[in-house]
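Below is one structure, written out as C-alpha cells; the observations come after it.
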Amino acid sequence: MLNEQWSENLIQQTRNEIVDMVTHVDSEGVRHWLIGSNELLEARFKNSDGERFGRISANNAHARNYLIELEGGGQEQYPTVDALLEAGWVLD
Numbered sequence: 085m086l087n088e089q090w091s092e093n094l095i096q097q098t099r100n101e102i103v104d105m106v107t108h109v110d111s112e113g114v115r116h117w118l119i120g121s122n123e124l125l126e127a128r129f130k131n132s133d134g135e136r137f138g139r140i141s142a143n144n145a146h147a148r149n150y151l152i153e154l155e156g157g158g159q160e161q162y163p164t165v166d167a168l169l170e171a172g173w174v175l176d
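Residue numbers (the working numbering): 85 to 176.
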C-alpha cells in the first residue's frame, strides 16, 4: 500500500512524470527532463518521513535507474517506480 501522507493526485502525478517522462537532449548532449513548464537536469523528490529530500537525474530516470541522490549525502536505489512510491518518495 502506498504511503497515505501524500494525496492520490500527487502520487499519480509523480508516477506519470516518471513513466511517461518527456526529455530532450540539447546540442551539447545534455538530457533535460520536462516537468510541467520546467526544464530540469534533475527532479527534486521528498519523502513521507518529512526529513529526507533527494534528486533523480534526467539521465537516470530516462534509463529507468531510480537512484535518489540524498541531500546531505548517500543514495537510495529502487528497482521500479512502484517501489519508489511505496518507499514514500514523490516529486517535491
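We treat Cβ as the ideally placed atom computed from N, Cα and C, and that holds for glycine.
What you are looking at is a predicted structure, and each value in this text was computed from that prediction instead of being measured.
Original post:
With distances taken between CB atoms, is the gap from residue 145 to residue 117 smaller than 9 Å?
Top reply: Taking the first residue of the sequence shown as 1, we reach residue 145 at position 61. Taking the first residue of the sequence shown as 1, we reach residue 117 at position 33. Yes; because the gap between Cβ atoms is below 9 Å, this pair is in contact.
Original post:
DSSP beta-bridge partners for residue 108?
Top reply: Working through the sequence shown from its first residue, we reach residue 108 at position 24. According to DSSP, which records beta bridges pairwise, residue 108 is partnered with 116.
Subject >> Those residues which DSSP pairs with residue 127 across a bridge >> reply: The sequence position of residue 127 within the sequence shown is 43, counting from 1. Bridge partners of residue 127: 140.
**OP:** Give the straight-line distance between the Cα atoms of residue 107 and residue 113, rounded to the nearest whole angstrom.
**Re:** Counting from 1 along the sequence shown, the entry for residue 107 is found at position 23. Counting from 1 along the sequence shown, the entry for residue 113 is found at position 29. In a straight line, the C-alpha of residue 107 is about 12 Å away from that of residue 113.
**OP:** Return the first residue and the last residue of the beta strand (DSSP E) that residue 161 is part of.
**Re:** Start at 1 with the first residue of the sequence shown, and residue 161 comes out as number 77. Its beta strand (DSSP E) spans residues 159-162.
**OP:** For residue 139, collect the residues of the same chain with a Cβ closer than 6 Å to its Cβ; drop the 5 residues on either side in sequence, then sort them by chain order.
**Re:** Sequence index remark: in the sequence shown, residue 139 carries index 55 (1-based). Contacts found: 126, 128 and 153.
Original post:
Sorted by chain position, which residues of the same chain lie with C-beta nearer than 7 Å to residue 136's C-beta, five sequence neighbours on each side aside?
Top reply: Residue numbering aside, residue 136 sits at position 52 when the sequence shown is read from its first letter. If we look at residue 136 and ignore the five residues flanking it on each side, its Cβ neighbours are 154.
Subject >> Residue from 102, 167, 100 and 123 with nearest C-alpha to residue 110 >> reply: Counted from its first residue, the sequence shown places residue 110 at position 26. With distances taken between Cα atoms, residue 110 lies closest to 123.
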